[in-house]
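Number of protein chains: 2
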Amino acid sequence: MAETLKNTLKVHSLRNTSCREEVLAILTRENAALSHGEIEKALENRFDRVTIYRTLKTFVEKGIIHKVLDEEGLRYALCKEQCSEHRHQHDHLHFKCTSCGLTSCIENSHIPAIPLPEGYEALETSLLIQGICPACNRPAQ
Amino acid sequence: MAETLKNTLKVHSLRNTSCREEVLAILTRENAALSHGEIEKALENRFDRVTIYRTLKTFVEKGIIHKVLDEEGLRYALCKEQCSEHRHQHDHLHFKCTSCGLTSCIENSHIPAIPLPEGYEALETSLLIQGICPACNRPAQ
DNA sequence: AGATCACTTGCAACAGTGTTGCACAATAGC
DNA sequence: GCTATTGTGCAACACTGTTGCAAGTGATCT
Chain A
1 MAETLKNTLK
11 VHSLRNTSCR
21 EEVLAILTRE
31 NAALSHGEIE
41 KALENRFDRV
51 TIYRTLKTFV
61 EKGIIHKVLD
71 EEGLRYALCK
81 EQCSEHRHQH
91 DHLHFKCTSC
101 GLTSCIENSH
111 IPAIPLPEGY
121 EALETSLLIQ
131 GICPACNRPA
141 Q
Chain B
1 MAETLKNTLK
11 VHSLRNTSCR
21 EEVLAILTRE
31 NAALSHGEIE
41 KALENRFDRV
51 TIYRTLKTFV
61 EKGIIHKVLD
71 EEGLRYALCK
81 EQCSEHRHQH
91 DHLHFKCTSC
101 GLTSCIENSH
111 IPAIPLPEGY
121 EALETSLLIQ
131 GICPACNRPA
141 Q
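Here is the structure:
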C-alpha cells in the first residue's frame with residue numbers, strides 16, 4: 001500500500017516525504033473530496049498548514065488530485081482516471097449528499113453535451129449534483 | 001428604473017435602503033455574476049463590508065439573487081426566472097469565459113437529465129461551463 | 001408631522017482560508 | 001557520506017466571511 005503511494009510520487013517526479021505520503025493515503029482511504037481543513041485535522045497537526053497547502057497545490061499541478069467545488073468551498077479528490085500534467089480529464093461530475101455532507105466523484109457517468117446558445121465555445125465542464133447518496137437513501141436496516 | 005428596484009424590495013418585504021438599492025442596481029446593470037469584493041469596489045466604500053455581506057445574504061434568502069461558484073470563489077447573480085423564498089429555480093447553468101473572465105448565467109439552455117448510478121437521488125444541479133464567450137469569440141472587427 | 005418599533009447599519013473583533021519569503025532540514029543521486 | 005536540489009516550518013500578511021452590540025433609519029399609525 002505504502003509502496004503504491006511511494007510509486008505514485010515517483011511517477012510524478014516528486015520526492016517521497018511523509019507529508020505527501022500521508023495526504024495521499026488519506027485521500028485514497030476516504031472515498032470523498034476533502035477540504036484543506038479536513039486533511040489538516042486528519043493529520044492531527046503533524047504538519048504545518050502551509051506545507052499541506054503546498055502539497056495540495058503540487059498534487060493538483062501534477063494531475064494527481066483535482067479541485068472540487070461545492071457550496072462550502074474548495075475540496076480535493078484523487079483523479080482516478082489517468083490525468084497527467086499534460087493530459088487532464090476535464091469533465092468532472094461530483095455528487096454532494098445533503099444528508100451526510102460527503103462530496104464524491106461519480107466515475108461512470110458521463111456528462112451529456114449541453115446545448116449552448118450560438119457563439120459559446122465550451123472547453124471544460126464541471127457539474128455538481130446535490131441530493132441523497134445511496135448510503136443515506138437506503139432505509140435503516 | 002429606481003422605481004423597479006424599490007418595487008423588487010417591496011415585493012420581498014424588504015426595507016428600501018440605499019445600500020440594497022445600489023447593490024441591486026449594480027447586479028442589474030452588469031450582466032454577470034459578481035463577487036462580494038467586486039460589488040464592494042463598485043460601491044466605492046460607501047457601505048460597510050459587513051452590510052454588503054448581509055445584503056447579499058438577505059437577497060439570496062429571498063430568492064432575488066443566487067450564488068454562483070467558479071474556481072475563483074463565490075459570486076452572485078440576479079435570478080431572472082421567478083424565484084421566491086418558497087419556489088426556487090434549482091438548476092443553474094453558468095458560463096465562465098476564460099478570456100474575459102466574466103461569469104454569467106445562461107438562461108435559455110436546459111440542463112439535460114444526468115444518468116446517475118443506482119441509488120442516487122438528484123435534487124439540485126449546478127453546472128459550470130468554462131470556455132470562450134460570444135463576445136471574445138468574435139474576431140476583432 | 002411626530003412618535004414608535006422593528007429592522008438595518010457600522011464598528012470592533014474574531015475565525016478561517018490562502019499566499020509569500022526566508023532559513024533550515026531532508027531527500028535522491030552520486 | 002557528500003552535495004545539490006527540493007521540501008518544510010515559521011512568521012507575517014491579505015482576503016473572506018461571521019457575530020454581537022450600539023446607534024441610526026424606514027415604515028406605519030395616529
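As they're listed, the protein sequences go chains A and B.
Be aware that the first sequence starts at 1, since it is given in this note's numbering, and climbs by one per residue.
Be aware that the second sequence starts at 1, since it is given in this note's numbering, and climbs by one per residue.
Just so you know, even glycine gets a beta-carbon here, dropped at the ideal spot from N, CA and C.
Cα-Cα separation between residue 18 of chain A and residue 136 of chain B, rounded to whole angstroms:
Residue 18 of chain A and residue 136 of chain B: Cα-Cα distance of roughly 46 Å.
Short CB-CB distance (under 8 Å) between residue 120 of chain B and chain A
yes
Tell me whether residue 53 of chain A sits in a helix, a strand or coil according to DSSP, three-state version.
Residue state, collapsed to three classes: helix.
Going by C-alpha to C-alpha distance, which of B/67, B/35, B/99, B/100 sits closest to residue 93 of chain B?
B/67
Under a three-way DSSP split, which group does residue 9 of chain B fall into?
helix
Cβ distance (whole Å) where residue 59 of chain B is taken to contact residue 52 of chain B below 8 Å:
At roughly 11 Å, the Cβ-Cβ gap does not stay under 8 Å, so residue 59 of chain B and residue 52 of chain B are not in contact.
Below 8 Å on the Cβ atoms is my contact criterion, and I expect residue 22 of chain A with residue 43 of chain A to pass it. Report the Cβ-Cβ distance as a whole number of Å.
6 Å
Close beta carbons around residue 100 of chain A, own chain, < 6 Å, minus the five adjacent residues each side:
Hits under 6 Å: 136.
Compile a chain-ordered list of the residues in the stretch 121 to 136 of chain A whose CB is closer than 7 Å to at least one CB of chain B.
121, 122, 123, 124, 125, 126, 127, 128, 129, 130, 131, 132, 133, 134
For chain A, find out if any of its Cβ atoms is closer than 8 Å to the Cβ of residue 111 of chain B; answer yes or no.
Interface annotation, residue 111 of chain B: in contact with chain A, CB-CB separation under 8 Å.
Short check: CB of residue 70 of chain B to CB of residue 128 of chain B, under 8 Å?
yes
At a cut-off of 7 Å, is residue 123 of chain A close to the ligand MG when judged by its beta-carbon and the heavy atoms of the ligand?
Ligands in the displayed structure: none, and consequently the ligand MG is not present.
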